[in-house]
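Report on the structure given below.
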Amino acid sequence: MKKQLQKSITLLALFSAGFAFAQSQVLEGRVLDEKDNTPIEGVKVKVNDQEVTTDIAGYYSINLSPGTNYIITVSSNGYNRKEISEVIVKNDGNTHLDIVLDKPTTKEKEIEGVVIKSNARKETIASTIGLQKNSGVVSQVIGVEAIKRSPDRNTGEVLKRVSGVSLFDGKYIVVRGLSDRYNQAMLNGIQLSSTEPDRKTFSFDLFPANVIETLVINKTFIPEYTGEWGGALIQVNTKDIPNKNFFNAQIGVGGNSITMGQEFHMQKGGKWDFLGIDDGYRKLPTNMPAKNAFTILTEAQKTEIGKGYTKNMGYNSVGYPENISLQLDGGFNTKLFGKDLGVIAVLNYSNNKRRTESTNRFFTINNQLADTNFDYFTEKYSNDVTLGGMLNFTLKLNNNNKISIKNIITNNSVNHMSFRSGKDFEFDPINGTNIIARETGFKNTTFYNSTLTGTHKIDALGGFTVNWYGSFGILDQYIPLLQRLQYNQYTNIEGSPYLALISNGLSQKSGSVFYSTLSDYLYNAGGDISKTFTLFGQKQTIKGGYLFQVKDRIYNSRPFSVRLERYNQGLLSQPFETIFNQENFGTDGRFTFDEIAGNQYRYIANTILNAGYLQFDNNFTPWLRAVWGLRVENFDQLVGSTRKSDDRFVNTRVTDFLPAVNLTFKVNPKMNVRLAGSQTVVRPEFREVSPLAYYDFDLGATVIGSKNIERTKITSADLRWEYYPRNGEIFSVAGFYKNFKKPIELYFNQSGVGTSNTFNYLNVDKADAYGIEVEFRKKLDFISALRNFTLGGNASRIWNRVTDETTKIDRPMQGQSPYTINASLQYDTEKSGWSSTVLFNMIGRRILYVGNDQVPPIWEAPRPLLDFQIAKKIWKDKGELKLNVSDILNRRAKFYHDLNDNGKYDKTDALAIERVTGTNISLTLGYKF
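If you read the sequence shown in numbering that gives the first Met the number 0, its first letter stands for residue 0, the second for the next number, and so on.
Laid out in structure tokens, this is it:
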């Protein structure tokens, strides 16, 4: 702890040394069209004798002295002039004020010199409401001011505050009860690839909250954005040019309720493990040949290599398993060749230690009777390290032209060790055998994305806007060494010792020594052109664009195994700490080393996506707006091999026509009715299509891809009534329908016991889901004692069924919950600097794994989650102290076979998985320099 803290302080000093800071304060924000939220360029914003003009993105900034009450005058051709009073600039940082302008009515046009009067509070109300109310789609928008006033440190924590959104593992998003595979992430308008190579998801804890400009969560589709999602599209927009030099630092400590106060077991590793980087301790031996060359070696040559690679499975213990985190971010603006240049830099580091307890059971089920095949208890110790950063440059050539390059990189490692005990019936179906087992592994994942964008307003041909972009991304996963070893003890033999489960066969379950590398490369290029004009006295916009995307993957694994030709109790009875000593290897009756043959352990993959769209944004009347159009996506996917003769070869080519229409009826300035319909798709990930067979120690079974699965096509319809009483308040009622054609599910296939159990990806014919959703957010200031409290909530009730003519199934879709409940109570007093949030979330039971005719599905039981945050501004508002407590209730997660089919878990059911993760507590200290 002391050494890590010293390194953190040194890093803080080095990072802060490069920044110089201005002393003046800044009033900044955007000027938006009241009708449709579009930014207005060329608006004159005047304070006293200072006057600035908004740029192409509608941004303005003015340096002002803090503590003074100002009046701002805002004017632009074609809009009513506005005066905003009671504007006070804060003395602890930038003051953000978005402004909305409206166009004059017919009567106002007849009156010369109309001036709209407002004040800062009312303007904040109007802009905050406008971001969501005037959106052309069903969405929720979190603005920069709301983010500033929250204690959240990353995007994942901010998203927890959004009604209808649930967060799992602190980073994965679930919307409307749909699993994370149905959501998509975008960064500054660019579609991001999955941050996890083995699942279709995105980790939202990568982005610090204080570099975010806005978060937009779309629940309905429009053609200008990717069509590959079905639950929600989450857009993360980061800041471009800082209006003022800034530097912030945050350091935190924490722990877990079932981890603290106990010894924490860690596998022996290298000197750079604390940074999440393997120093070569676990790497393949330098004399290890490639797979084909290895197969022709003699047994003695293979064993000579293997004895230097295979490690004993002892461990070290840490007395106090603390968690630490460090976040540094800064920015400045300067001049480059006379042009405005903005730079934002972020550095993140976290080192978390987690201990989890889980019970795993497999059963043979006949009617309502469950016979146990195995019963395992596992303690898993995980040391998760994240080291990442962000570096953004924006060059503003003039008010009409801007170019940005934005970079993000994160290195995440999981160094884990599992201890297992229990009983299984694989080798003795009558009496069973006692088992003890260990798994040690190190997994390193590096995510990198670099995006170059440009925005240009061209005055020719009546004026139009051009946006272009290009991006390059890498996702690398490296598993240098993953080992598993199990010992069995026969219960029917008195005094029987525990003997290692190693025989003359090759196994991924015991005696396994596994190595793999995975590299994804993602290339994007595209752009769009938009033209805005007036027709029938109303604003109209037409927009068209094109995207070209290429994604390549190279996966290679080396599943090695230790084996023993002849029974040798002296070797098999040695403990985990010495069994793989080098003297125990040899071809004379000792352990030998070999590789499991088969081309299913490596594959290549490639996708090429060509997408184009045409979109119209029509205001037919002052009260009716339609955003509609068509997106066409041509998708070409190759997985396995480039040779058609190879049994791994899979080539899919499909063109999808994805229409969308979003109608908004503006009943009055505070009330909307929305109607939307669209088609989208969700495509399988490479891992799901590949034939790779991988034994999962936590599941106790092998996960296998399927070359025959197809993409899911989703037809959606939404009807929503929404009412915005005032700033920060909303009440809405919505109904929605979704049809899933060929949804992808993970099936449990119990073909036997032990390693013969598999999980397979398969399509079913279709699924239908429809539901109602109620959302509210209400300030409680009508009660004097509660004037600083805000109550929010969201509840959904979803009816969902999967049907398949071949298998005659009729059940809910995997991962779909029948209900979701979210509630929040927020306390915020800007004057005293105190803020606090209590969050509650629960989702209804859902299918974790689909069963078959012999085995019913495994259900996840509802589990309430309660989180608490409290923060206090200190040191004249330059510092902030935050306490976060997550999963306060710490209820056990239960996954079960519903034997009596009563729709809930009870003692008569077969409990397949039970897991407890503990309550997480963290204390962080932040400072604004």
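Ideal Cβ positions, reconstructed from N, Cα and C, are used throughout, including at glycine.
Note that the structure is a prediction, hence the values are computed from the model and not measured.
Taking C-alpha positions only, Thr219 is separated from Val136 by approximately 6 Å. Listed as beta-bridge partners of Thr620 by DSSP are Leu623.
Rounded to whole angstroms, Gln190 and Val46 show a C-alpha spacing of 39 Å. A buried status is given to Lys550, since no fewer than 16 other beta-carbon atoms sit within 10 Å of its beta-carbon. Within the stretch 533-558, no run of beta strand (DSSP E) reaches 3 residues while sitting entirely inside it. Counting along the chain, no beta strand (DSSP E) covers Lys875, and no H or E run does either. In the structure shown, Tyr926 adopts extended strand secondary structure according to DSSP, grouped into three states.
Per DSSP, the unbroken alpha helix (DSSP H) holding Asn291 starts and ends at Lys290 to Thr294. Counting only runs that start and end inside the stretch 237-283, the beta strand (DSSP E) elements of at least 3 residues fall at 245-255 and 263-266. Spanning the alpha carbons of Phe532 and Ile39 requires a straight line of approximately 14 Å.
The beta carbon of Asp886 lies closer than 8 Å to those of Leu864, Leu865, Asp866, Thr916, Gly917, Thr918 and Asn919 in the same chain, with the five residues before and after it left out. Fewer than three beta-carbon pairs drawn from the stretch 684-692 and the stretch 246-259 are found closer than 8 Å, and the two stretches are therefore not classed as touching. Excluding sequence positions up to five before and after Pro856, its CB lies within less than 6 Å of the CB of Ile846, Val849 and Gly850, all in the same chain and listed in chain order. By the Cβ neighbour-count rule, Lys875 is exposed, with fewer than 16 other Cβ atoms within 10 Å of its own. When DSSP states are grouped into helix, strand and coil, Arg710 belongs to the coil group. Around the CB of Tyr468, 16 or more other CB atoms lie within 10 Å, so the residue is classed as buried. Among the bridge pairs identified by DSSP, Leu480 is matched with Phe441. Taking a C-beta distance under 8 Å as the contact criterion, Ser509 and Leu500 qualify as a contact pair. A direct Cα-to-Cα measurement between Ser74 and Lys43 gives close to 5 Å.
Cβ-Cβ distances below 6 Å link Asn633 to Asn609 and Thr654 in the same chain, with the five nearest sequence neighbours on each side left out; the list follows chain order. Distance from Asn889 to Ser256 at the Cβ level is roughly 7 Å; contact confirmed, criterion being Cβ atoms closer than 8 Å.
Here the alpha carbons of Ile457 and Tyr280 stand approximately 57 Å from one another. Nearest neighbour of Asn748 by Cα position, chosen from Ala231, Thr701 and Phe730, turns out to be Thr701. Taking each of Lys737, Ile473, Leu698 and Gln825 in turn and checking the Cα distance to Ala911, the smallest one comes out for Leu698. Fully enclosed alpha helix (DSSP H) runs of no fewer than 4 residues are not present anywhere in the stretch 40-72.
With contacts defined as CB atoms closer than 8 Å, Thr679 and Glu223 fail to qualify as a contacting pair. Between Asn187 and Thr452, the beta carbon gap of about 7 Å places them in contact (Cβ cut-off 8 Å). The criterion of a C-beta distance shorter than 8 Å is satisfied by Leu546 and Asn523. A Cβ-Cβ contact shorter than 8 Å links Lys777 with Leu790. Distance check between Phe471 and each of Glu913, Ser834 and Asp519 places Asp519 closest, using alpha-carbon atoms only. DSSP places Asn430 outside both helix and strand once states are collapsed to three, so it counts as coil.
Its chain contains Gln266, Met312, Met416 and Gln482 as the residues whose beta carbon lies nearer than 6 Å to that of Thr439, once the 5 sequence neighbours on both sides are disregarded; these appear in chain order. Per DSSP, Gly421 is one residue of the beta strand (DSSP E) stretching across Asn400 to Asp423.
For Lys306, the uninterrupted alpha helix (DSSP H) segment begins and ends at Glu298 to Tyr308.
Going by C-alpha positions, Ala716 is about 41 Å away from Ala344.
Within its own chain, the residues whose Cβ lies closer than 6 Å to the Cβ of Ala299, once the five positions on either side in sequence are excluded, are Thr586, listed in chain order.
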